[in-house]
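Numbering (this note's numbering), first residue to last: 117 to 244.
Yeah, the Cβ is synthetic: ideal placement off N, Cα and C, and Gly gets one too.
Quick caveat: nothing in here was measured; it's all calculated off a predicted structure.
See below for the structure under consideration.
Have a look at this one:
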């Protein structure tokens, strides 16, 4: 329900979309609010990428895997939280289910798969 100053949505009512990270349940999206997104994503392998605007917070619900963060690799298991700032290259792999919380809300135009981000006054430099 939207339009009364709040949105109420059950996870099983949210659309599931195929993404480059895996099957993603889009509970809260930029179409709902520009403030933040909330996705529950099952990842087995993802494509290394970064965002210029969106800060992402991953909270691992289930499974085990690894995440590349620039030149580092960290272990993923239930209860782990990772905050990923704009400009940070990242990629997860294994067999995990994670909450992905993005601020501001993720938009497909803010996902970059280049080896180096473009140089501009508005781009955040990668943290490598």
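Collapsed DSSP secondary structure at residue i in the structure displayed
i, result
"residue 239", "Only weak support exists for where residue 239 lies, its pLDDT of 46 falling under 50; the value from the coordinates is given anyway. Note: residue 239 maps to coil in three-state DSSP."
"residue 142", "strand"
"residue 227", "coil"
"residue 148", "coil"
Where the beta strand (DSSP E) through residue i begins and ends
i, result
"residue 158", "153 to 161"
"residue 182", "171 to 185"
"residue 207", "206 to 219"
"residue 133", "132 to 135"
"residue 192", "188 to 192"
"residue 199", "197 to 200"
Buried or exposed (CB count within 10 angstroms, at least 16 for buried), residue i
i, result
"residue 216", "buried"
"residue 204", "buried"
"residue 224", "exposed"
"residue 166", "buried"
C-beta contact flag for residue i and residue j at 8 angstroms
i, j, result
"residue 156", "residue 126", "no"
"residue 211", "residue 141", "no"
"residue 138", "residue 170", "no"
"residue 162", "residue 229", "no"
"residue 173", "residue 149", "no"
Please confirm if the stretch 142 to 151 is in contact with the stretch 165 to 178, defined as three or more CB-CB distances below 8 angstroms between the two stretches.
no
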